[in-house]
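Okay, structure first, notes after.
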Amino acid sequence: NLTNTLGVMERSPAWSPDGASVAYFSDESGEYALHIAPQDGRSAPRKIALGEPTIYRAPRWSPDSKKIAFMDVHLSLWYVDLDSGKPVRVAKDRYYGLPELGASWSPDSKWLAYASRLDNYMSAVHVYSLADGKATQVTDGMSDAADPAWDRSGKYLFFTASTDSG
1 NLTNTLGVME
11 RSPAWSPDGA
21 SVAYFSDESG
31 EYALHIAPQD
41 GRSAPRKIAL
51 GEPTIYRAPR
61 WSPDSKKIAF
71 MDVHLSLWYV
81 DLDSGKPVRV
91 AKDRYYGLPE
101 LGASWSPDSK
111 WLAYASRLDN
121 YMSAVHVYSL
131 ADGKATQVTD
141 GMSDAADPAW
151 DRSGKYLFFT
161 ASTDSG
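In this note's numbering, the protein residues as written are 1 to 166.
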């Protein structure tokens, strides 16, 4: 038991790519916060307040182990830079349902790719630049595009798409 806590909800554990830490969400303070615990459990976890009272889930570490992307139940995609500890909202989906905004990190940890619903209820793939703080839609919205994933070089972005999803 890494945390040994009683009466606390802890959810969505995720190993860091470097194997040194485990990230998870805890409501120990009364509101959910992101906790980063050393994998050996020998010291107290770092606790990062997330600012909004909601439930968070699906933490995804960046390849450099310096950032974590995650979602909330209000359909928002966030990331936090572990150096600053400041949460940044990347996107908010329009409609509940699949696909979800689940993020895919670029190999250099500078971009997030995600799919979100457009006004026509089709999903489009977007890429978000952490340096610029801006998202760009990269699919045309005429097919239902989802599940983006970067290749190892970061040169290509793969995704699923269907022109007859209805």
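The beta-carbon is built from N, C-alpha and C at its ideal position, and this holds for glycine as well.
Where does Arg152 land, buried or exposed, given buried means 16+ other C-beta within 10 angstroms?
Residue 152 sits at position 152 when you count from the first residue of the sequence shown. Label assigned to Arg152: exposed.
Note down, in chain order, each residue of its chain lying with its Cβ closer than 8 Å to the Cβ of Arg57, except the 5 sequence neighbours on either side.
In the sequence shown, the residue the question calls residue 57 occupies position 57. Excluding residues within five positions, the ones whose Cβ falls inside 8 Å are Arg11, Ser12, Phe25, Phe70, Met71, Asp72, Val73.
Three-state secondary structure (DSSP) at Ile48?
To locate residue 48, count along the sequence shown from 1; it is residue 48. Of the three classes helix, strand and coil, the one that applies to Ile48 here is strand, per DSSP.
Determine the closest residue to Ser84 out of Glu28, Ala149, Arg46, with distance taken between C-alpha atoms.
The sequence position of residue 84 within the sequence shown is 84, counting from 1. Ranking the options by Cα distance to Ser84, first place goes to Arg46.
Three or more C-beta pairs closer than 8 Å, one from the region 26 to 34 and one from the region 49 to 56: is that the case here?
These segments touch.
With respect to the beta strand (DSSP E) encompassing Tyr24, which residues constitute its N-terminal and C-terminal limits?
For this step, residue 24 is matched to residue 24 along the sequence shown. Run containing Tyr24: 21 to 26, per the beta strand (DSSP E) assignment.
In the DSSP assignment, find the beta strand (DSSP E) that holds Glu10 and state where it starts and stops.
The residue you call residue 10 lines up with position 10 of the sequence shown. 10 to 15 is the span of the beta strand (DSSP E), which, as asked, contains Glu10.
Asp119 bridges to which residues according to DSSP?
Residue numbering aside, residue 119 sits at position 119 when the sequence shown is read from its first letter. None; Asp119 has no bridge partner.
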